[in-house]
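Peer 1: Handing you this structure, nothing more for now.
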Amino acid sequence: MNAADLMNLVISAFLLAGVYAAMSVGMTIIYGVMKIVNLAHAGFLMLGAYFVYELYERFGIDPLLGVVLAFPTFFLLGMTVHWLLVRRIPTSDQPTLPSLLLLFGLWLILQNLAYLIWGNSDRSILTPRTLSVFHLGRITFPMVQLVVFGAAVASLTGLEFVLHKTWFGKAVRALMQNSEAGKIVGVKVERTARVSFGVGIAFAGAAGGLLAMMYSFSPDFGGLFLLRAFVIIVLGGLESFTGIAIGALILALVETFSILILPANYQPAIAFSLLVVALVVLPQGVAGLWSRRRRLA
Amino acid sequence: MKARQNISGSRKILSALGEVVLAVLTLLPLGNLSPNTIRLLFVTLVWVTVSVAWNLVGGFGGQISFGFAVFYGLGAYTAALAINGGINPVLSFVLAALVAMVASLLVGLPTFRLRGPYFAIATIGVSEAVRVLMTNFSLTGGASGYRIMEKGVFRQLDHYYAALILALLAVTVSIYIRRSGFGLALVAIREDEDAASDLGVNPFRAKLLAHAIAAALTGTAGGVYARYAAFIHPQGVFAFNIGVAILLMPIIGGVGTIWGPVIGAVVYGFVNEELVASFPQLHLLLYGTLLVLIVLFEPEGVVGLFRKGYPLLARIRRAHAVHS
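Sequence order for the protein chains is A and B. The opening residue of the first sequence carries number 1 in this note's numbering; numbering runs sequentially from there. The opening residue of the second sequence carries number 1001 in this note's numbering; numbering runs sequentially from there.
Below is the structure:
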């Protein structure tokens, strides 16, 4: 393997990390504010993929625009799901049995509705962009990955802005840090939770659309990405946005470079092994490293 | 006071009912039942075992696992390899239990130390990972499956009684645990882990032990099933559906109770038979809907309905007595 090959792998890992981060951030928001692990995340990723696909096939809407449209659509969908189902289960400071079961049930429902509507054959979105590449010396960038990376980074930047500059964002961060103190200073928990759930689902839908531009998909689509999202947020320490970026990069690097030594169909085992390693070595995630150091200092 | 009487009354009825059901199940196959009916009973008894096993960790201990298909599948494959290697079936089932227990430690050791969603998350991961590994594992034929060659005549009733004995064992273990200090420790962990460990319970050890016992029972059930089916493949015994089914049954019946998982397994066993035959695609959709509805409206499942219904029934009976 020469330097250019190595560089290609590193770059494609970085590009992959972008979409991985976008895919995981929705789960972190929901977990942070409500302490609910959104198992239905996989279902919304899959729906996002079909949403972008249908817009492209039926109305010829560019997938990238489809992803932009996915944000408001899935935001409303998420708020509806919260209003209909999620707000009815008891809240707690750690994930409860009802919340896991409810969202797992919702995942089953979404997945099998999709089977009824779209059947179980694999679909993919093919645009002129899909196969084109961009050369920079001996290093090649696949065009789709560049576009997807750009979109992922743009959406994450937007989220960062909302979280730091708006009242809603501050309420979200307050609830994530200390929900009791948040209530005391007047954060409306129920409304913040509903909007956060909407934002979380919006990111799931949009990330699903981005993933659909790179991979083929079926109603089973979300399952493997759900595991990856878990690994990333566990690596990131569950509630840290910087942690997610690092977690996404770690997973993307490990997956990309494992291709050199392991056959591709062992990939899910890689994500799981990384999860176990993370739980044993870094139970607080990479973010825990800083806080531990800060406490020592 | 009245409520207490009602509960102990309902408990008496349930245990009497249990004895009757047991007697019927033991004698039933001696009558003239069709092989298909016996097969259905056999499968239901296997479900009862895994459902009761799941409830030990998920119900008593409050640790939800989505990955019991791993133990079921590993048990099935271990027993299959052992039987083909000429080991006697009972010993093969013991081996299946041991392998499943070891696997339970691999999941439990890294995750039970931590609180929060780690265990539930890891169980989803491990079931995906193990299915992939087994699909590519050449010793057992990979994705194309593995056949069990057992010498001698196939006698369905042997299999039936093996499943019956195993189901009885599972229920006995469940009752014993629920009444022991260990069971109380598990419930305490479910309700409040901090308080439990303040009172001297070691949550890590208790969760690990419950998980291992449940895995052993589930692995044995997988082995009993594999010996009956004589052919197993990763998309069957390790399937996502199996993992869903194992968690659905105790929830239908009443999670955290002794008889709920049994009732849930019976309901599931019979309903699933009809549903899968008539709606191969729709049944998971229905299970998802059922899960959502139970969580929202009757978290205690059938047992919860029964508990609510019993005082009501008693009141109606009393009202009738006054009228007549």
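Yeah, the Cβ is synthetic: ideal placement off N, Cα and C, and Gly gets one too.
#1: Contact between the stretch 248–265 of chain A and the stretch 67–85 of chain A is defined here as three or more beta-carbon pairs at a separation below 8 Å; is this criterion met?
#2: Looking at the strands, I want to know which residues DSSP matches up with Y1146(B).
#3: DSSP state of G169(A), grouped into three classes?
#4: So, at 7 Å on beta carbons, what are the nonlocal neighbours of F104(A) in its own chain, with the 5 sequence-adjacent residues on each side left out?
#5: Do you know how far the Cα of Y1287(B) is from the Cα of K1308(B)?
#6: Alpha carbon to alpha carbon, how far is L282(A) from L296(A)? Give it in angstroms, no decimals.
#7: What residues from chain A crowd round Y1287(B), counting only those whose CB sits closer than 7 Å?
#8: Could you confirm whether any beta carbon from chain B is found closer than 8 Å to the beta carbon of L113(A)?
#9: Alpha carbon to alpha carbon, how far is S1340(B) from G1256(B)?
#10: Against L102(A), what residues of chain B qualify as contacts under a CB-to-CB distance less than 8 Å, listed in chain order?
#11: Please state whether the Cβ-Cβ distance between G1075(B) and G1269(B) is less than 8 Å.
#12: Could you pull out every residue in the same chain whose Cβ sits closer than 8 Å to the Cβ of L1060(B), ignoring the five residues on either side in sequence?
#13: What is the rounded straight-line gap between the Cα of A1162(B) and the Cα of L1040(B)?
#14: Return helix, strand or coil for R1115(B), following the three-state DSSP convention.
#15: Nearest to F1231(B) by alpha carbon, out of V1171(B), L1168(B), G1073(B)?
#16: Can you name, in chain order, every residue of its own chain whose Cβ lies under 7 Å from the Cβ of L100(A), other than the five neighbours on each side?
#17: What would DSSP say about L1033(B), mapped onto helix, strand or coil?
#18: Return the CA-CA distance between M213(A) and G48(A), expressed in angstroms with no decimal places.
#19: Would a C-beta distance cut-off of 8 Å place F51(A) and G169(A) closer than the cut-off?
#20: Please identify the residue among R88(A), W167(A), G222(A) whose C-alpha is closest to the C-alpha of V185(A).
#21: Just curious, the beta strand (DSSP E) that V1187(B) is in, first and last residue?
#22: Excluding sequence positions up to five away, which residues of its chain have a Cβ less than 7 Å from the Cβ of L1025(B)?
#23: State yes or no: is the beta carbon of I1251(B) nearer than 8 Å to at least one beta carbon in chain A?
#24: Is any beta-carbon of chain A found at less than 8 Å from that of N1136(B)?
#25: T140(A) by DSSP, collapsed to three states: which one?
#26: Checking the sheet assignment: what are the DSSP bridge partners for H135(A)?
#27: Apart from the five residues on each side of it in sequence, which residues of its chain come closer than 6 Å, Cβ to Cβ, to M34(A)?
#28: Taking T256(A) as the reference, give the member of V68(A), F14(A), S218(A) with the closest Cα.
#29: When burial is assigned at 16 or more other CB atoms within 10 Å of the CB, is M1149(B) buried or exposed?
#30: If we cut at 8 Å on Cβ distances, does G26(A) have a partner in chain B?
#31: Return the Cβ separation of H1283(B) and L1275(B) in integer angstroms, given the expectation that the two are a contact with Cβ distance under 8 Å.
#32: Taking only beta carbons into account, state which residues of the stretch 33–56 of chain A come closer than 7 Å to chain B, listed in chain order.
#33: Does any residue of chain B bring its CB to less than 8 Å from the CB of P219(A)?
#34: Mapping DSSP to helix, strand and coil, what is F217(A)?
#35: Could you spell out the range, first to last residue, of the alpha helix (DSSP H) harbouring V1244(B)?
#36: What span of residues does the alpha helix (DSSP H) with W107(A) cover, start to end?
Peer 2: On the basis of the data shown:
#1: no
#2: I1232(B)
#3: helix
#4: L39
#5: 23 Å
#6: Unreliable placement is indicated for L296(A), whose pLDDT of 47 sits below 50; the coordinate value is still reported in the next sentence. Cα to Cα, the separation comes out at about 17 Å.
#7: L108
#8: yes
#9: Outside the modelled stretch of chain B, which goes from 1001 to 1324, sits residue 1340(B), for which no answer is possible.
#10: L1291, V1292, V1295, L1296
#11: no
#12: Note on residue identity: the sequence assigns Phe, not Leu, to residue 1060(B). Excluding sequence neighbours, F1060(B) sits near I1177, R1178, G1183, L1186, V1187, R1190, A1210, G1256.
#13: 14 Å
#14: coil
#15: G1073(B)
#16: V37, L39
#17: coil
#18: 11 Å
#19: no
#20: W167(A)
#21: Careful: V1187(B) lies outside any beta strand (DSSP E), inside the alpha helix (DSSP H) at 1181–1191.
#22: L1164
#23: yes
#24: yes
#25: strand
#26: T140(A)
#27: A193
#28: F14(A)
#29: exposed
#30: no
#31: 4 Å
#32: V37
#33: no
#34: strand
#35: 1240–1253
#36: 97–118
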